[in-house]
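Peer 1: Chains as they are written, first to last, in the numbering used here: chain A, 1 to 528; chain B, 1 to 528; chain C, 1 to 528. For each residue, glycine too, the CB sits at the ideal point set by N, CA and C. Please read through the structure below; I'll follow up with questions.
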Amino acid sequence: MNYIKKRWVWVLSLALMMTLVLVTPAFAQDGTPPSEEVVDATLSLNIMWMIIGGFLVFFMQAGFALVETGFTRNKNVAHTMMMNMMVFCIGAIGYWLTGFAFQFGAVNAAYPGVSTAGAIVGEWAHSPITLGDWTGFLSAPLIRFGQFGFLGGSGFLLAGFGANAGLLAFFLFQMVFMDTAATIPTGSMAERLKFIGFVLMGLWVSMFIYPLVGGWIWGGGWLQNLGRSMGLGNGAVDFAGSGVVHMIGGAIGLAGAMVIGPRIGKFNKDGSANTIPGHSISLGVLGTIILFFGWFGFNPGSSLGFVGAFRNLAVIAAINTLLAGAAGGCSAMTYMWLVGPTKKPDPGMSVNGILAGLVAITAPCAFVDSWAAVVIGLIAGLIVCWATVWLEKWKIDDPVGAVPVHFFNGMWGVLAVGIFANGNPDTAAWNGVESAVTGLLYGGTTQILAQLAEVVSIFVAVFGLTYVFFKILAALKLLRVSREVELQGLDVPEMGALGYPKDWEPSDVEDSEKTFAGKRVKALGTTD
Amino acid sequence: MNYIKKRWVWVLSLALMMTLVLVTPAFAQDGTPPSEEVVDATLSLNIMWMIIGGFLVFFMQAGFALVETGFTRNKNVAHTMMMNMMVFCIGAIGYWLTGFAFQFGAVNAAYPGVSTAGAIVGEWAHSPITLGDWTGFLSAPLIRFGQFGFLGGSGFLLAGFGANAGLLAFFLFQMVFMDTAATIPTGSMAERLKFIGFVLMGLWVSMFIYPLVGGWIWGGGWLQNLGRSMGLGNGAVDFAGSGVVHMIGGAIGLAGAMVIGPRIGKFNKDGSANTIPGHSISLGVLGTIILFFGWFGFNPGSSLGFVGAFRNLAVIAAINTLLAGAAGGCSAMTYMWLVGPTKKPDPGMSVNGILAGLVAITAPCAFVDSWAAVVIGLIAGLIVCWATVWLEKWKIDDPVGAVPVHFFNGMWGVLAVGIFANGNPDTAAWNGVESAVTGLLYGGTTQILAQLAEVVSIFVAVFGLTYVFFKILAALKLLRVSREVELQGLDVPEMGALGYPKDWEPSDVEDSEKTFAGKRVKALGTTD
Amino acid sequence: MNYIKKRWVWVLSLALMMTLVLVTPAFAQDGTPPSEEVVDATLSLNIMWMIIGGFLVFFMQAGFALVETGFTRNKNVAHTMMMNMMVFCIGAIGYWLTGFAFQFGAVNAAYPGVSTAGAIVGEWAHSPITLGDWTGFLSAPLIRFGQFGFLGGSGFLLAGFGANAGLLAFFLFQMVFMDTAATIPTGSMAERLKFIGFVLMGLWVSMFIYPLVGGWIWGGGWLQNLGRSMGLGNGAVDFAGSGVVHMIGGAIGLAGAMVIGPRIGKFNKDGSANTIPGHSISLGVLGTIILFFGWFGFNPGSSLGFVGAFRNLAVIAAINTLLAGAAGGCSAMTYMWLVGPTKKPDPGMSVNGILAGLVAITAPCAFVDSWAAVVIGLIAGLIVCWATVWLEKWKIDDPVGAVPVHFFNGMWGVLAVGIFANGNPDTAAWNGVESAVTGLLYGGTTQILAQLAEVVSIFVAVFGLTYVFFKILAALKLLRVSREVELQGLDVPEMGALGYPKDWEPSDVEDSEKTFAGKRVKALGTTD
């Protein structure tokens, strides 16, 4: 009588008895599928998980702002913070206008229902309220090239969504993912990017380039269909976007850093590189922890639901995210301590090691064992150290290491699916292919090819088109600030405000204040 | 029939009928309502959503602290941070003692069940465990003036709540909302408010003035009943508190800024105003992103549940919050860039534009289409720019723009419900009126009058009473620090600690340290 | 059958039998308890609550980083931030390797099913999917000393967990709790701890000492069983870890501060102590608010579920956490204002008062009334003020007050259960004892003895063993940096990077830059 309180037992028993006595006779013949209330609760659970995940991903914007600003200089603080705050505002409007429609407003007519969205429809089909709108949305006309999905075309300004909670939550979730990709290049181009150039870049990413390529992998497009169309494993598999979000963002960042050129003083005449330390380790590390926190929305939230198999995938993703991020931090720190130039546990590289581990586990997080997550993270931590050296060799200046973290480790994460995916039966039918997602180590020989296709496609399409885009901005003198502005710092000339102004004081009392400064003065009461 | 929206009724009826037709033989006599487990899960979903929302709103306290401190000066950092930390502590105790009881410890006997709490009771009535306590709580005696609910009177110190999870979670949720209102005026009175005056203000807001007026709109009071009593639309409709929280907080802030007077040096003898820049854009922007993040608890959480229609309202609120905040940032930034004094994308005003958009969408977030959210946000971004100028013209010094953001845009948000509310059937029976919430653009002609009544009432009651309150504090010399303290900065005289002290060193080793400083010294091993 | 408490089984069986006897005639063939979908939704709700709680606790790492760094000096910023970031990375790997297995990989064969984990099994037994794995995991061999559970021995590297979402989420939740204990001592040893010593300490805590003692109280060990074995109330009861997490962390911190010795200059030759102010109140206060926010995952999340009685416990925990933290802040602030050396509302002590209240309510949060939570918090705020003075008298230097906050108030919190626990029937059968958890004030006379046993055991085992551990590190010259390094600051010698470097500029343009500095320069267009 102890664990369950008495009242509860009586109520339960009474309720059970009454119910059963009254209705038993008729219960034998039908299987009684879930009641309306159960369907409703299930739908609520799935959507609540997705939208809370979206909130956490939104918060990553604070992490990016702090990492980028912490690892750049005092004189550019207002500029760097503003880019990271406004990229969300600009991106939200852009994605609402066209981005979401381009990315998800399509379904491959040849292979219906194979997009992630399709999987959701399948699972959420319990709900008659929702299913109609989902399918209505997804059956919109598709611009196709050959038999492959290429670009969506419905859902501009959320038209036709009505009050469909599932679709609206999905929009919010996808919007903040796009935003992550859009904010990455502000790091590689920091300390020299014109604000107008940044604004145009934000529109380019949110309205076109991210939706285009993202749709190929998540919106029912041709990369996602490589399993059914060409027999390559389950097609391109990217659980939370090592490729879709991070490699896209990193490729844009790489193109940007190349076109905009290095900061004044980064490279010496003999070709050697100078280290330009950022102004605040405390802000940079704080940002890193915020990013790690937000990643628990990014990866586990990408299950897009929390009932049944969704729950398993979400929790596995959480554990692997935890372990890979930790492993990345450990390996980068250890590498720098043992092999790096300072022979010390370098804070900046430890930060990037954690982020590298997180980026790398993003695609495989739901598909691999925990030991594999640790291995993927350890390797990611090394890749970020090496890639930082490569970039300097190539004379590319990336102030915060956005390209080593997001581009190279995004690539590594996508490929890691093809190596470590363990064939968990919960992943069967991913992208419409019957078998579970299986990598090389578990006997899946073709999955790696689909992953390679994703990597190559992202590089060619995103890097290529965006390189041209930035070249045009540069030709229009919209990309890089003048030498004078760069030396002074961008804050006053570009933003009209210093990041850290000295305290302003009225001139007529300045002298008297100096007399007080530093002494303890007793409060004398109000003067007004 | 009024709380349940029509569509829902049809679907439910249809589902029920189909079910009954199939199993009727045995079912005719009872209808088998959801099982105990399903009721329990539903209740858990609703409460979980509300309490997680409450946690996010709590976190907004960090955002307010950073925005206010970032946009004020170095010499007042400890003072400004402390106000924003302690307002929660003081407010929590005050709201527990009397505030919650004043705000929600009443139900209008003439119009039972019309408060938001009443709506919850209606929807949560599935749960026999909870309903009893809810109604017991809500049927407590009411202090009434005429036929209108005016002030609650039960639930002091949570008396009678027992282990009722729904009520306790509701207390937590409402407490953090009150806290938001209480922290707003610390911004408009920053850099000159005595700490004892701040403490008394915290008690005034948490124990009396916020609960009084908040109860009129959310606790079953007379403004909420204007629909049934006077035929004005659905009565005052304020989903998450543009009026209840932000305009109340802003009105207190306005009264405070007027009574306490401008900072030394803000206005010149010729009447022109000086810009007094804050000390840290990075902290200010970080705070803004935290506030945006917390707003996803503030607005969507105000559905107070996540099952059925609650879920729809929550997700619509989330999308509209996202879009309006983004639009507010874009319009304020663009306005400053094109028309502002610096002709640059001003960081401070961009911050306030985002916050303005968020404040303005807070009342209408669940009632409007996404295009309307964008429009509301764009206008909010302009209002905040203009209101900043108005205040300076009126010689009111509001260091962080609390009044432009919260007072003026809180007002705009309340009125926007009367203009843009789209008559979504999910909102039928709001505040006990059969029809859905409908604004001018959708043919609802009287809703705007109820919204005007809310705006006027808040201004008269909150601004009026609080103006007197602050005048008394001033007369008792408890409001403003002395001229000397203000010039020196409030940190040492008021708090006994500098915000950013220089590193303390033992005097006997100071010289030797100077020798080391800046050089790389190899660690020599432990000395102890 | 052993993991389900016997009483539960009897009650359930009885209820079922009674029901079945009455209605069997028609029901013999199916029985239909809650459908698969309802079981699944219930399981999802419980796991979602636990894992979201875990995410919030993870985020507390940011709070610890900021509080510790804010309250230490500029010259050690990179070192202090790095410790707080890397402790998670190191700890995650260590806890995955051995910690979790030591802590939870056991069950007391003499008293089956009395661990918290056991209670979960009992409640989650609805779910056939999960139960199997839980029991498989928990029935692993146990290393025992006498008849008491002492150390677990299965689950290394998550072996055998498969895709069990419940177990994996439980691992994540417990990992972040361990991390909290591990990060506490970095505060008491800040500004002088060698980084290699920190790394070894992180491994010691995560891999051995925390799991050992934590398992005694949460993993089915002997302290948890004192109710059944010795008749002491419900055995050691510690809802969210005032003892397990905070007193363990504080005891490690105390041992560390004693072995490593005070910072240079902390104590004068006459024995008096100097105040060494931290470098940033804004970071310290921000960290405090983040910690408060995370505590809503820490305490309410420790219900480990959100359905039925779990929900009640979770929400009560949330309210009490809110009130006790607020009360702690109020009492510490008031004490310093009235009695403290500065006679001002000291920011540092207000911060620690809030944290003290939070630490103290952590054990009793689900067991006490709201008035008791306020009392516990008020006393905690005083304890932290007094303990700060005690430590200085004892010549122990704890830069951030980790010992007053976590050790002394952890102790107070554990004991408070024995005083204030209100016998809420929801807590009946806690730790396998029939009665509800009941303190002295409600007539429970033996609970306080079990709580005393927890306090003494933690002190003896954790402080004792860790003192030896640190002595060994000191003997190996791995614990404390040299005098030169300490005076210079640890950042450059230990980490190779300053926390706040001056802006780096290329030397050949330095002069020209000085000309620009401070002036508004118009952007001249791209130069590249």
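(1) Could you tell me whether the Cβ of B/Ile419 comes closer than 8 Å to any Cβ of chain C?
(2) Checking the sheet assignment: what are the DSSP bridge partners for B/Thr438?
(3) Just list the residues that DSSP pairs B/Ala273 with in beta bridges.
(4) Just checking, does the stretch 180-198 of chain A make contact with the stretch 233-252 of chain A on the three C-beta pairs under 8 Å criterion?
(5) Quick one: grab the DSSP three-state call for C/Leu304.
(6) So A/Ala540 packs on A/Gly166, CB below 8 Å; how close in whole Å?
(7) Within 8 Å of any Cβ in chain C, is that where the Cβ of A/Val433 sits?
(8) Does the distance from the C-beta atom of A/His279 to that of C/Asp491 stay below 8 Å?
(9) On the DSSP bridge assignment, give the partners of A/Arg531 in chain order.
(10) Contact criterion: CB-CB distance below 8 Å. Does B/Val57 meet it with respect to chain C?
(11) Tell me whether A/Ile51 is buried or exposed, calling it buried when 16 or more other Cβ atoms sit within 10 Å of its Cβ.
(12) I'd like to know whether the C-beta atoms of B/Met178 and B/Gly99 end up nearer to each other than 8 Å.
(13) Going along chain A in order, which residues have a C-beta closer than 7 Å to the C-beta of C/Phe88?
(14) Contact between the stretch 439-457 of chain A and the stretch 403-423 of chain A: three or more CB pairs below 8 Å?
(15) For C/Ala360, decide whether its Cβ has a neighbour in chain B, counting only Cβ atoms nearer than 8 Å.
(16) Following a CB-centred definition, is C/Phe198 positioned closer than 7 Å to any heavy atom of the ligand GDP?
(17) Over the uninterrupted alpha helix (DSSP H) stretch that includes B/Tyr467, give me the two end residues.
(18) Just to confirm my understanding: we take C/Lys343, look at its own chain, exclude 5 residues before and 5 after, and list those with CB closer than 7 Å. What are they?
(19) Can you give me, in chain order, the residues of the stretch 323-353 of chain A that have a beta carbon less than 9 Å from any beta carbon in chain C?
(20) Check the C-beta distance from C/Ala332 over to C/Ala360 and give it rounded, since I have them as a contact under 8 Å.
(21) Consult DSSP for B/Phe150 and reduce its assignment to one of helix, strand or coil.
(22) Nearest-angstrom Cα distance between A/Val199 and A/Thr80?
(23) Taking 8 Å as the limit between beta carbons, can you name the residues of its chain near B/Gly136, skipping five residues before and five after?
(24) Along the chain, where does the alpha helix (DSSP H) containing B/Cys385 start, and where does it finish?
(25) Using a beta-carbon distance below 8 Å, is C/Leu479 in contact with chain A?
(26) For a test of the three-state rule: what should DSSP assign to B/Trp412, helix, strand or coil?
(27) Does any residue of chain B bring its CB to less than 8 Å from the CB of C/Ser302?
(28) Can you name the start and end residues of the alpha helix (DSSP H) that A/Leu490 belongs to?
(29) Determine, using beta-carbon pairs with one atom in the stretch 237-245 of chain B and one in the stretch 449-463 of chain B, whether at least three such pairs fall under 8 Å.
(30) Apart from the five residues on each side of it in sequence, which residues of its chain come closer than 8 Å, Cβ to Cβ, to C/Gly256?
(31) Does the separation of the CB atoms of C/Leu56 and C/Gly294 fall below 8 Å?
(32) For A/Ile379 and chain B, any beta-carbon pair shorter than 8 Å?
(33) Using CA coordinates, which residue listed in C/Val77, C/Thr72, C/Met60 is at the minimum distance from C/Ala497?
(34) Could you tell me whether the Cβ atoms of C/Gly235 and C/Asn225 are closer together than 8 Å?
(35) DSSP on A/Pro141, reduced to helix/strand/coil?
(36) Return the chain-ordered list of same chain residues with a C-beta closer than 6 Å to the C-beta of B/Leu291, the five sequence neighbours on each side being excluded.
Peer 2: Per the coordinate set shown:
(1) no
(2) B/Asn422
(3) B/Phe267
(4) yes
(5) Collapsing the DSSP output to three states places C/Leu304 in coil.
(6) Outside the shown range of chain A (1 to 528) lies residue 540 of chain A, about which nothing can therefore be said.
(7) Not an interface residue.
(8) no
(9) Residue 531 of chain A lies beyond the range of chain A shown here (1 to 528); nothing can be said about it.
(10) By this cut-off, B/Val57 is not an interface position.
(11) buried
(12) yes
(13) Ala326
(14) yes
(15) no
(16) Looking at this structure, you won't find the ligand GDP or any other ligand, since it has none at all.
(17) 464-475
(18) Trp337
(19) Leu323, Gly325, Ala326, Ala327, Gly328, Gly329, Cys330, Met333, Met336, Trp337, Gly340, Pro341, Thr342, Lys343, Lys344, Pro345, Asp346, Pro347, Gly348, Ser350, Val351, Gly353
(20) The pair is not a contact, with the Cβ atoms about 12 Å apart (cut-off 8 Å).
(21) strand
(22) 13 Å
(23) Any reading at B/Gly136 must be qualified, since the residue scores a pLDDT of 35, below 50, and its modelled position is unreliable; the value itself is stated next. Residues of the same chain with a CB within less than 8 Å of the CB of B/Gly136, apart from the 5 flanking positions on each side, are Gly160 in chain order.
(24) Per DSSP, the continuous alpha helix (DSSP H) segment holding B/Cys385 begins and ends at 370-393.
(25) Using a CB distance cut-off of 8 Å, C/Leu479 does not count as an interface residue toward chain A.
(26) helix
(27) no
(28) Element bounds for A/Leu490: n/a, residue is neither H nor E.
(29) The count of Cβ pairs closer than 8 Å, one atom from the stretch 237-245 of chain B and one from the stretch 449-463 of chain B, reaches three, so the stretches are in contact.
(30) Pro185, Ser188, Met189, Leu193, Met201, Thr466, Phe470
(31) Their beta carbons are under 8 Å apart, which means C/Leu56 touches C/Gly294 by this criterion.
(32) False, the Cβ-Cβ gap to chain B never drops below 8 Å.
(33) C/Val77
(34) yes
(35) Here A/Pro141 scores only 36 on pLDDT, less than 50, and its place in the model should not be relied on; the value that follows carries that caveat. Correct three-state label for A/Pro141: coil.
(36) Met60, Gly63
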